[in-house]
Ligand SMILES: *[C@@H]1O[C@H](CO)[C@@H](O)[C@H](O)[C@H]1NC(C)=O
Ligand SMILES: *[C@@H]1O[C@H](CO)[C@@H](O)[C@H](O)[C@H]1NC(C)=O
Ligand SMILES: *[C@@H]1O[C@H](CO)[C@@H](O)[C@H](O)[C@H]1NC(C)=O
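In mature numbering (1 follows the signal peptide of the UniProt record, and there is no 0), the protein residues as written are -21 to -1, 1 to 188.
This is the structure we're talking about:
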């Protein structure tokens, strides 16, 4: 009996950990990707979060479980950004930067960047992992996308931050008194986003991975 309980506890812990850790990655259970603690996008055929950004109903969180949005914060995805949990010695501070943890809930102020084509992933081991298309970063891109659009302050298409594969682009638009944006994936007939023409093209630009 005790063994069974122990096993159940282990299974639950694994499940919870698994659904929590996921951010910016397509869940096979829900077919969506949580892109912030309360936002999600549908997944393209090649498992890239894309298109309209949906917001979970009030007081619910995005989860990799089949229900997509949950009121159970313990299974919320995208909750490991800037988190010092006492186990992993660093915390991601943006999709591509990290800082060391001084103690539980105590993050150092110096931030280190990952290399080009890498994202920061909150896991035991290296903070920076290769992800040419920008998927699986532990921190949300939403602040970055909005910052990009505020910086551009114009309606149009721009390269997606840190997406070396050039499969995605950001569409910026005016939202009330400020600027915001969504991410999109180029269609399969023209899969690459060309930064020079701001359109999707069939031939991979030389600057793309
Ligand atoms: C996202 O997926 C849902 C469920 O499959 C679908 O109803 C909706 O139209 C999709 N949205 C977009 C923008 O493709
Ligand atoms: C959700 O919260 C917003 C802002 O507080 C409010 O305007 C909206 O009516 C709420 N929606 C629901 C369904 O409760
Ligand atoms: C996106 O990047 C991940 C991580 O490197 C990789 O596993 C996946 O195959 C890539 N997907 C596409 C469509 O390039």
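Cβ atoms here follow ideal geometry from the backbone N, Cα and C, with glycine treated the same way.
By how many angstroms is the C-alpha of residue 66 removed from the C-alpha of residue 155?
Taking the straight line from one Cα to the other gives about 42 Å.
What residues sit near ligand 3, counting only those whose C-beta is closer than 7 Å to one of its heavy atoms, in chain order?
Here the list is 25, 26, 27, 109, 110, 111, 112, 114, 115, 144, 146.
With distances taken from each beta carbon to the nearest heavy atom of ligand 1, which residues come in below 6 Å, in chain order?
Qualifying residues come out as 21, 30, 31.
Between residue -12 and residue 104, what straight-line distance do the alpha-carbon atoms span, to the nearest angstrom?
Note on residue -12: pLDDT 44, under 50, position unreliable in the model; no value is reported.
Would you call residue 238 buried or exposed, if buried means 16 or more other Cβ atoms sit within 10 Å of its Cβ?
The chain is shown from -21 up to 188; residue 238 falls before or after that span and cannot be answered.
According to DSSP, simplified to helix, strand and coil, what is residue 18?
Note: residue 18 maps to strand in three-state DSSP.
Thinking just about the alpha-carbon of each residue, which of 124, 92, 77, 93 is nearest to the one in residue 86?
Residue 77 is the option with its Cα nearest to residue 86.
Confirm, please, whether the CB-CB distance from residue 79 to residue 112 is below 9 Å.
No. Outside cutoff.
For the beta strand (DSSP E) containing residue 147, list its first residue and its last residue.
Note, residue 147: beta strand (DSSP E), 147 to 154.
Does the distance from the C-beta atom of residue 188 to that of residue 144 stay below 9 Å?
Result yes, Cβ atoms of residue 188 and residue 144 sit closer than 9 Å.
Beta strand (DSSP E) containing residue 80: first to last residue?
76 to 82 is the extent of the beta strand (DSSP E) around residue 80.
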